[in-house]
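Enquirer: Using the numbering used here, read the sequence shown as starting at 5 and increasing by one per residue.
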Amino acid sequence: MKLKTFTHKLLSDRKYSNYHMEKDVAADVAQMVLEARVTRGLTQTQLAKKIGTKQEAIARIENGHLPSLRVIEKITKALDMTFIILV
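1. Looking at the secondary structure, which residues open and close the alpha helix (DSSP H) in which LEU46 lies?
2. Go ahead and pull the three-state DSSP assignment for SER16.
3. Using the C-alpha atoms, what's the distance from LYS6 back to ILE62?
4. Can you confirm whether the segment 35-42 touches the segment 52-59 when touching is taken to mean that 3 or more C-beta pairs between the two stretches lie within less than 8 Å?
Printed below as a string of structure tokens:
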């Protein structure tokens, strides 16, 4: 089976496709949070305090764990930014 055919079959599998999309979104969020935090000169601990959580939670987000929309909202307010994710 050619790679193109295999990729098409894999992406047509709804379960895999949803998992793949979630991982892409989590990676995008992780990158945006990390870049915004570093640009503003904040540590993970400082950002965590601003949103009322622990440093470990920020580390998980920056490592690709998809946070809830409520946490994303808190982060965007704390960093004075807007998230735009196109799926």
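Positions of the beta carbon are idealized from the N, C-alpha and C atoms, including for glycine.
Keep in mind the model is a prediction, meaning the values are calculated, not measured.
Expert: Concretely, from the data shown:
1. Segment: none, LEU46 is in no alpha helix (DSSP H) and carries neither H nor E.
2. Three-state result, SER16: helix.
3. ILE62 and LYS6: Cα-Cα distance of roughly 40 Å.
4. With the rule of 3 Cβ pairs closer than 8 Å, the segment 52-59 does not count as touching the segment 35-42.
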